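Here is the structure we will look at.
Numbering (full-length UniProt numbering), first residue to last: 1 to 574.
Put into structure tokens, the structure is as follows:
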């Protein structure tokens with residue numbers, strides 16, 4: 001909001017501040033109900049399962065679940081009246097109602113009506129367009145929804161003159177199936193990795209003491225759970241867990257980086273032991289692990305670090321593409337979902353009348369192909385997850401660079417000048433940067449500096465790692481190098497940082513400044529990004545050592561990191 005307005009005018013529906021004040025009032029109401037029920041636990045309605053919900057809210061609709069005790073009704077009435085006085089928002093008594101269970105007597109029903117003043121209703125009722133009922137599901141309850149869907153399908157058919165109504169409606173429904181499948185995948189991701197009242201309800205109703213991946217499905221379950229059961233076998237292999245202090249399943253969750261233990265060991269077990277069951281004082285309980293796990297797998301398990309003081313973290317390991325669709329939407333193009341890559345490239349090339357080799361649409365298709373290739377290489381060789389958003393950002397960043405250098409001119413946007421404005425490009429000449437001297441700089445007094453480098457001859461190929469620790473006078477206190485076998489450059493860089501910080505901790509060389517010439521590694525450490533499980537666990541180890549050593553990881557140009565670079569290449573050739 002900008003400007004001045006008189007408070008005597010008040011706020012009406014549609015004013016810019018109305019929605020903000022409504023959100024604040026609704027949050028106050030929700031928190032107040034939670035505090036009221038927490039102070040008086042007898043107000044909770046005892047439903048089957050482990051979920052105790054005081055209320056459900058959607059926009060300005062509120063559903064409160066409580067008992068019919070007269071004292072509880074009076075507490076609820078007093079709270080609602082206090083809310084009306086504080087917020088100025090009045091509850092419409094004529095539109096409000098209450099529903100009681102079959103076992104409630106007429107005296108209890110009358111007492112509720114006398115205290116609250118609301119009208120009595122009986123199930124089933126319609127709430128937010130869908131029926132609320134108790135008991136078996138009946139088709140007649142959904143007649144209104146079915147009729148609305150039928151009218152919608154007929155409306156789609158009427159929009160296309162001269163076409164068969166069934167084919168138009170069928171095509172619309174078929175094109176929506178991809179979105180339904182995608183949202184089902186997202187629903188499983190939310191179900192497995194987040195926490196909310198809805199998720200607790202699903203766990204309490206369907207899972208109980210079983211892992212979600214092994215819960216059997218029957219026809220009496222809801223349609224939402226039916227969708228989750230259909231998608232779980234497809235979505236679950238893409239989930240990977242890093243260990244914290246929560247309750248990741250030891251047998252059924254994928255926290256080893258490849259598959260769950262039940263699949264690796266070919267065991268069918270319904271035990272729900274968490275990973276923490278095999279811990280002892282913040283570390284692995286090796287004797288307990290060896291009682292149930294063969295030695296090769298036990299050794300792998302004991303090498304996995306535990307993030308003390310942190311929660312479990314879920315990582316999506318799948319990949320997706322959508323850069324073509326993103327830029328097609330900007331230029332007003334509509335791509336065929338089933339088209340091949342060749343089709344999309346030719347479609348972009350011939351989508352404008354102003355065809356030239358330097359036109360923006362020609363450039364964009366090459367940029368998308370190039371950065372898709374670089375993302376693929378980063379995912380395969382560096383352990384960085386494939387990301388469509390990164391492709392889009394790289395294309396936009398490259399276009400901004402061309403604009404700043406006056407390489408991409410307005411003539412290349414012929415027919416698409418409006419899209420240039422939408423993308424926010426402004427023609428400004430980039431001021432050339434003056435050259436600077438690159439050299440190694442000593443750390444501050446009482447500080448130590450660790451310079452590291454990892455080398456991979458082939459990426460992946462023979463890898464080596466090395467590092468040097470110096471003081472503020474430039475004196476070398478420690479130097480190391482070792483061969484890693486076959487690995488990637490990112491794995492070598494992270495390994496040498498971890499090893500160097502461990503040596504600094506052993507010899508008391510702290511506080512510490514760590515200098516690395518790989519910007520990819522620095523971005524991984526600063527953002528704690530998720531990648532392959534080997535990279536993820538190395539990042540966790542380095543973060544823990546950073547806290548112990550008061551260490552700061554910084555970038556250094558390769559020209560100033562020559563000593564560590566020479567030692568690393570020498571170690572890779574061992």
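Ideal Cβ positions, reconstructed from N, Cα and C, are used throughout, including at glycine.
Note that the structure is predicted; figures quoted are calculated from it, not measured.
Could you round the C-beta distance between residue i and residue j to whole angstroms and report it? I think they count as a contact, below 8 angstroms.
{"i": "residue 456", "j": "residue 488", "result": "6 angstroms"}
{"i": "residue 366", "j": "residue 391", "result": "Actually they do not touch by this definition, with Cβ atoms about 13 angstroms apart."}
{"i": "residue 538", "j": "residue 567", "result": "With a Cβ gap of about 20 angstroms, residue 538 and residue 567 do not count as contacting."}
{"i": "residue 438", "j": "residue 518", "result": "Wrong, their Cβ atoms sit about 16 angstroms apart, outside the cutoff."}
{"i": "residue 64", "j": "residue 200", "result": "Rounded, the Cβ-Cβ distance is 18 angstroms, inconsistent with contact."}
{"i": "residue 475", "j": "residue 516", "result": "Their Cβ separation, rounded to whole angstroms, is 21 angstroms, which puts residue 475 and residue 516 out of contact at 8 angstroms."}
{"i": "residue 549", "j": "residue 505", "result": "6 angstroms"}
{"i": "residue 543", "j": "residue 514", "result": "Contact flag wrong, Cβ pair sits at about 12 angstroms."}
{"i": "residue 512", "j": "residue 479", "result": "With 8 angstroms as the limit, residue 512 and residue 479 do not qualify as a contact, their Cβ atoms being about 15 angstroms apart."}
{"i": "residue 68", "j": "residue 104", "result": "6 angstroms"}
{"i": "residue 96", "j": "residue 118", "result": "5 angstroms"}
{"i": "residue 289", "j": "residue 193", "result": "Not quite, the Cβ-Cβ distance comes to about 26 angstroms (not below 8 angstroms), so this is no contact."}
Output needed for residue i: all residues of its chain with C-beta closer than 6 angstroms, excluding positions within five of it in sequence on either side, in chain order.
{"i": "residue 312", "result": "241, 244, 246, 248"}
{"i": "residue 572", "result": "455, 457, 462, 463, 464"}
{"i": "residue 413", "result": "360, 420"}
{"i": "residue 574", "result": "483"}
{"i": "residue 273", "result": "250"}
{"i": "residue 569", "result": "455"}
{"i": "residue 563", "result": "468"}
{"i": "residue 327", "result": "364"}
Sort the options by Cα distance to residue i and report the nearest one.
{"i": "residue 91", "options": "107, 61, 72", "result": "61"}
{"i": "residue 137", "options": "115, 223, 113", "result": "223"}
{"i": "residue 384", "options": "362, 535, 398, 193", "result": "535"}
{"i": "residue 279", "options": "298, 139, 234, 19", "result": "298"}
{"i": "residue 565", "options": "482, 508, 545", "result": "482"}
{"i": "residue 88", "options": "306, 28, 451", "result": "28"}
{"i": "residue 102", "options": "574, 120, 442", "result": "120"}
{"i": "residue 21", "options": "449, 86, 479", "result": "86"}
{"i": "residue 129", "options": "146, 237, 109", "result": "146"}
{"i": "residue 32", "options": "509, 45, 70, 77", "result": "77"}
{"i": "residue 541", "options": "511, 508, 509, 500", "result": "500"}
{"i": "residue 214", "options": "233, 315, 133", "result": "233"}
{"i": "residue 56", "options": "407, 374, 196", "result": "196"}
{"i": "residue 524", "options": "378, 53, 212", "result": "378"}
{"i": "residue 271", "options": "480, 292, 105", "result": "292"}
{"i": "residue 393", "options": "478, 446, 323", "result": "323"}
{"i": "residue 71", "options": "295, 40, 96", "result": "40"}
{"i": "residue 305", "options": "198, 508, 265, 282", "result": "282"}
{"i": "residue 189", "options": "84, 330, 236", "result": "236"}
{"i": "residue 369", "options": "423, 410, 395", "result": "395"}
Can you give me the Cβ contacts of residue i inside the same chain, cut-off strictly under 7 angstroms, excluding the 5 residues immediately before and after it?
{"i": "residue 94", "result": "none"}
{"i": "residue 484", "result": "463, 464, 465, 492, 495"}
{"i": "residue 490", "result": "382, 383, 520, 521, 535"}
{"i": "residue 164", "result": "Note that residue 164 scores a pLDDT of 45, beneath 50, so its modelled location is shaky; the value from the coordinates is reported in the next line. Closer than 7 angstroms at Cβ, skipping near neighbours: no residue."}
{"i": "residue 229", "result": "217"}
{"i": "residue 576", "result": "Only positions 1 to 574 of the chain appear in the structure, and residue 576 is not among them; the question remains open."}
{"i": "residue 557", "result": "438, 517"}
{"i": "residue 123", "result": "99, 132, 133, 134"}
{"i": "residue 285", "result": "278, 279"}
Can you name, in chain order, every residue of its own chain whose Cβ lies under 8 angstroms from the Cβ of residue i, other than the five neighbours on each side?
{"i": "residue 300", "result": "256"}
{"i": "residue 376", "result": "386"}
{"i": "residue 167", "result": "With a pLDDT of only 43 at residue 167, under 50, the local geometry of the prediction cannot be trusted, and the value read off the model is given with reservation. Result list for residue 167: empty, nothing under 8 angstroms."}
{"i": "residue 19", "result": "none"}
{"i": "residue 75", "result": "36, 40, 43"}
Tell me, please, which residues DSSP counts as bridged to residue i.
{"i": "residue 486", "result": "462"}
{"i": "residue 479", "result": "468"}
{"i": "residue 127", "result": "130"}
{"i": "residue 58", "result": "61"}
{"i": "residue 566", "result": "Answer by DSSP bridge pairing: none, since residue 566 is not bridged."}
{"i": "residue 451", "result": "468, 515"}
{"i": "residue 44", "result": "66"}
{"i": "residue 283", "result": "280"}
{"i": "residue 306", "result": "According to DSSP, residue 306 bridges with nothing at all."}
{"i": "residue 456", "result": "463"}
{"i": "residue 555", "result": "516"}
{"i": "residue 313", "result": "242"}
{"i": "residue 120", "result": "98"}
{"i": "residue 274", "result": "249"}
Under 9 angstroms, Cβ to Cβ, is there at least one residue of chain C near residue i?
{"i": "residue 283", "result": "Considering every chain present, this structure includes no chain C. It has just one protein chain."}
Practice prompt. Just list the alpha helix (DSSP H) runs in the segment 195-251, keeping only unbroken ones of 4 residues or longer that don't cross its boundaries, in chain order.
Written response: Those alpha helix (DSSP H) runs which fall completely within the segment 195-251 and span 4+ residues are 197-202, 223-235.
Worksheet item: Quick one: complete alpha helix (DSSP H) runs, 4+ long, within the segment 354-388?
Response: Entirely contained in the segment 354-388, the alpha helix (DSSP H) runs reaching 4 residues are, in chain order, 360-381.
Fill in: Secondary structure, alpha helix (DSSP H): runs of 4+ residues fully inside the segment 500-540
Qualifying alpha helix (DSSP H) stretches, in chain order: 519-527.
Worksheet entry | Completely contained beta strand (DSSP E) runs for the segment 65-102, where each covers 3 or more residues | The qualifying runs do not exist here; there are none.
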